[in-house]
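These notes concern the structure reproduced below.
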Amino acid sequence: MRRLIALISAFMFLELFFFAVLSPLLPGLKHELELSTSQAGVLVAMYALGALLGAVPATLAALRVGVRRTAIASLAMFAAMSVAFGLAHSYDALLAARFAQGVAGAALWTAAMVWLLEIAPESRRGEMLGFAFGVSEAGAIAGPA
Numbered sequence: 182m183r184r185l186i187a188l189i190s191a192f193m194f195l196e197l198f199f200f201a202v203l204s205p206l207l208p209g210l211k212h213e214l215e216l217s218t219s220q221a222g223v224l225v226a227m228y229a230l231g232a233l234l235g236a237v238p239a240t241l242a243a244l245r246v247g248v249r250r251t252a253i254a255s256l257a258m259f260a261a262m263s264v265a266f267g268l269a270h271s272y273d274a275l276l277a278a279r280f281a282q283g284v285a286g287a288a289l290w291t292a293a294m295v296w297l298l299e300i301a302p303e304s305r306r307g308e309m310l311g312f313a314f315g316v317s318e319a320g321a322i323a324g325p326a
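According to our numbering, the sequence shown is numbered sequentially starting from 182.
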């Protein structure tokens, strides 16, 4: 069970790492692609829009195929979209990748947290959720660092 908790926590670390890593990259992207401040803001917002629109389908996927499969599939999608973002050479490609990262991030959070709750003994759920959230926040700190 400890390995699984570590794995789920690692999922959460990576998700927040790649969510937060845009902050230090934004000035370079803005300069390289000659983006306006508004365009840069839209790029940041695309992640949240993807997460908003992906949350309900993610829940339905987790209910239909299970939280484990949903978590693993969403992590794979998140990784693929992170690579796509890194390789993108146009504003539109960045927007699409960032939106898809948000969709995958919503699915990952939904599935991973439910998966954690399913495996955790009732008396330790708070502790395990706290650990996973702590690790995820370390990702948010490490991303911009």
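Backbone N, C-alpha and C define an ideal beta-carbon position, used for all residues, glycine too. Here the structure is a predicted model, which means the values were calculated and not measured.
Would you kindly work out how many angstroms separate the C-alpha atoms of ALA243 and ARG249, rounded to a whole number? Working through the sequence shown from its first residue, we reach residue 243 at position 62. Working through the sequence shown from its first residue, we reach residue 249 at position 68. Taking the straight line joining both Cα atoms gives about 8 Å.
When the Cα of ALA293 is compared with those of LEU230, PRO238 and GLY247, which residue comes out closest? Sequence index remark: in the sequence shown, residue 293 carries index 112 (1-based). Here the closest residue by C-alpha is GLY247.
If you count every other CB in all the chains shown that lies within 10 Å of the CB of VAL264, and 16 or more means buried, which is it? Along the sequence shown, read from residue 1 onward, the residue named residue 264 stands at position 83. VAL264 is exposed by the Cβ-count criterion.
MET227 (DSSP reduced to helix, strand or coil): Your numbering for residue 227 matches position 46 in the sequence shown. MET227 carries a helical assignment under DSSP once its states are collapsed to helix, strand and coil.
Ordered along the chain, which non-local residues of its own chain (more than five positions away) have a Cβ less than 6 Å from that of GLU196? Position 15 of the sequence shown, counting from 1, holds the residue named residue 196. Closer than 6 Å at Cβ, skipping near neighbours: GLY286 and LEU289.
Buried or exposed for LEU297, please, with buried defined as at least 16 other CB atoms from any protein chain shown within 10 angstroms of its CB. Position 116 of the sequence shown holds residue 297. With 16 or more other Cβ atoms inside 10 Å of its own Cβ, LEU297 counts as buried.
Cutting at 6 Å between CB atoms, please list the residues of its own chain near ALA323, excluding the five before and the five after it. Taking the first residue of the sequence shown as 1, we reach residue 323 at position 142. Result list for ALA323: PHE198, in chain order.
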